[in-house]
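Working notes, beginning with the structure itself.
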Amino acid sequence: MEDLNLYLKDVLTKRPHTRVPSADTVLRGIEELATENISYTAEKTGNVYDFNTAEKLNQLLIKLLLATGQLTEGGEYDVDFDHQNNDFGWAHLPKSFMNQNTVFLLLTAMAANFYQYIVSLPLMCLFGVEATDRVKSFLFRFVAVPAKWIRTARQNALNVYSGKPYDLIWAYG
Numbered sequence: 018m019e020d021l022n023l024y025l026k027d028v029l030t031k032r033p034h035t036r037v038p039s040a041d042t043v044l045r046g047i048e049e050l051a052t053e054n055i056s057y058t059a060e061k062t063g064n065v066y067d068f069n070t071a072e073k074l075n076q077l078l079i080k081l082l083l084a085t086g087q088l089t090e091g092g093e094y095d096v097d098f099d100h101q102n103n104d105f106g107w108a109h110l111p112k113s114f115m116n117q118n119t120v121f122l123l124l125t126a127m128a129a130n131f132y133q134y135i136v137s138l139p140l141m142c143l144f145g146v147e148a149t150d151r152v153k154s155f156l157f158r159f160v161a162v163p164a165k166w167i168r169t170a171r172q173n174a175l176n177v178y179s180g181k182p183y184d185l186i187w188a189y190g
C-alpha cells in the first residue's frame with residue numbers, strides 16, 4: 018500500500034480533477050469491506066479452523082470475469098488463487114487479520130484478472146505487449162509514456178508524445 022504514496026500519487030495527481038487516496042485510506046477501506054470469519058470444528062480432531070468467504074467480493078469477482086469474457090455463464094470452474102500474480106503483492110499481505118487479507122487478495126485478484134483481459138486484447142500487440150507479459154513489462158511498454166495534460170478550448174486534453182498508436186485506444190473507448 019505504501020507504493021501508492023511513494024510511486025503513484027505524484028503521477029496520478031497530475032491528471033486534472035483526480036484525487037488519489039492515501040495508503041491509510043485504502044487500508045481503512047479494506048477493513049470496512051472485511052467480513053467476519055466462519056469457524057469450523059473438525060469432527061475427528063476437534064481442531065477449530067477459521068475460514069473467510071467475503072461473499073460479496075467473490076460475487077463481484079465472478080461478475081468481472083463474466084463481463085470480460087474470461088468465464089462463460091453456466092460453466093463449471095475451479096477457482097484457486099495459489100501460486101499466482103507476484104506482481105500484485107500477494108507475497109506481502111498488508112494486514113494482520115485473515116478477513117482483511119481476504120479482501121486484499123480478492124481486490125488484487127480483480128486487478129490481476131482485469132490486467133489479463135487488457136493484455137490479451139489484440140490491440141496490445143501494436144504496443145509490443147504480449148498476453149504473457151508481467152505487469153512491469155506492460156507498464157514500460159504501454160503505460161509509461163511521455164505525456165502532458167494541456168488545457169485547450171476550455172477542456173483538458175492529454176497530449177501523448179509517442180509514435181505508438183494511442184489514438185486507436187481512444188477510438189475504441
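Residue numbers (the numbering used here): 18 to 190. Don't be surprised by glycine CBs; every beta carbon is placed ideally from N, CA and C.
Between the segment 107-120 and the segment 149-161, the count of C-beta pairs closer than 8 Å stays below three; the two stretches do not touch. Exclusion of the five residues before and after Thr35 leaves Leu29 as the residues of its chain whose Cβ lies within less than 8 Å of its Cβ. By the neighbour-count criterion, in which a residue is buried when 16 or more other Cβ atoms sit within 10 angstroms of its Cβ, Ala108 is exposed. Excluding residues up to 5 positions away in sequence, Val136 and Ser137 lie with their Cβ nearer than 6 Å to the Cβ of Ala148 in the same chain. Note that the C-beta distance between Leu140 and Ile79 is not below 8 Å. Taking C-beta atoms as the reference points, Asn173 and Ala164 fail to come closer than 8 Å. Boundaries of the alpha helix (DSSP H) around Thr42: Ala40 to Leu50.
Under the Cβ criterion (8 Å, minimum of three pairs), the segment 122-130 counts as touching the segment 60-79. Where Leu175 is concerned, the enclosing beta strand (DSSP E) starts and stops at Gln172 to Val177.
Under the 10 Å beta carbon count, Asn69 is surrounded by 16 or more other beta carbons and is classified as buried.
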